[in-house]
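Residue 7 in the numbering used here sits at position 9 of the sequence shown, and the numbers go up by one each step.
Note that the Cβ used here is the ideal one computed from N, Cα and C, for glycine as well.
As the structure is a computational prediction, the values presented were derived from the model and not from experiment.
Worksheet: one structure, shown below.
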Amino acid sequence: MNLLIMGLPGAGKGTQAAKIVEQFHVAHISTGDMFRAAMANQTEMGVLAKSYIDKGELVPDEVTNGIVKERLSQDDIKETGFLLDGYPRTIEQAHALDKTLAELGIELEGIINIEVNPDSLLERLSGRIIHRVTGETFHKVFNPPVDYKEEDYYQREDDKPETVKRRLDVNIAQGEPIIAHYRAKGLVHDIEGNQDINDVFSDIEKVFESSIMKLATLP
């Protein structure tokens, strides 16, 4: 099976990716792992990526795309298939991935799209608070402290509602064209993410049983 997994920050994508890898024994390819491996192994693209990172510069798309191609060219991918997590992030990267897969003779068999209402994600992601003295972490809604006094707690900048909303808005703007691109190819499987973790995975398994696994076994 050759798959992508997509979802907004906080939708549980990482949790479900780990479950898919454990259950179906596909190679889990995350952007961070790819970069670290390419730089550690000093591949052509890894060396190039490190040169940008060391200067504090953004790694350009052509280098990121090259690192993805290097990883997808490795032998284990032919044996196990893959679950690509965190790439593509833009429609331009999606087109580059299509080209890479065509060049390597690999067929993309499905996109698992974990859907959670952005308002629910905003509440989930912006509720974390930290006690100023003990450093204990709580959540305003899901794990509130017993004796809450606002002055005793603070929020990290990344957890503040306005910051979280900006991050969600960027991800939505970048992700919608990618989903539309693959939906037009009949590859997208929407999964309701606002339920128990095991129920989400059960829905993913049903998708595999009904369509992706059948596609993977076709001659």
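If you compare alpha carbons, which of GLY44, TYR180 and ASP117 is closest to ASP167? Against the sequence shown, residue 167 aligns to sequence position 169. The shortest Cα separation from ASP167 among GLY44, TYR180 and ASP117 belongs to ASP117.
Quick one, are the C-beta atoms of ASP58 and ASN169 less than 8 Å apart? Walking along the sequence shown from the start, residue 58 turns up at place 60. Walking along the sequence shown from the start, residue 169 turns up at place 171. It should be noted that the sequence gives Pro, not Asp, for residue 58. It is not a contact, given that the beta carbons lie outside the stated cut-off.
Tell me the DSSP secondary structure of TYR180 in three-state form. As a first step, residue 180 is located in the sequence shown; it is residue number 182 there, counting from the start. Assignment of TYR180 by DSSP, reduced to helix, strand and coil, places it in the helix class.
Taking the straight line between their C-alpha atoms, what separation do you get for THR132 and ARG164? Your numbering for residue 132 matches position 134 in the sequence shown. Your numbering for residue 164 matches position 166 in the sequence shown. Distance between the alpha carbons of THR132 and ARG164: 30 Å.
Can you name, in chain order, every residue of its own chain whose Cβ lies under 7 Å from the Cβ of LEU120, other than the five neighbours on each side? As a first step, residue 120 must be located in the sequence shown, where it is residue number 122. Excluding sequence neighbours, LEU120 sits near PRO159, VAL162, LYS163 and LEU166.
The region 45 to 55 touching the region 92 to 112, judged by at least three CB pairs closer than 8 Å: Flag = no, the region 45 to 55 and the region 92 to 112 do not touch.
Examine the Cβ distances between the region 145 to 159 and the region 85 to 105 and report whether three or more of them are shorter than 8 Å. no
Nearest-angstrom Cα separation, counted from PRO142 out to ILE128: Translated into the one-based positions of the sequence shown, residue 128 becomes position 130. Translated into the one-based positions of the sequence shown, residue 142 becomes position 144. Approximately 11 Å, taken between the alpha carbons.
Mind the definition here: the region 92 to 99 touches the region 22 to 38 only if three or more C-beta pairs lie below 8 Å; say whether that holds. no
Do the region 190 to 206 and the region 5 to 24 meet, that is, are 3 or more Cβ pairs less than 8 Å apart? yes
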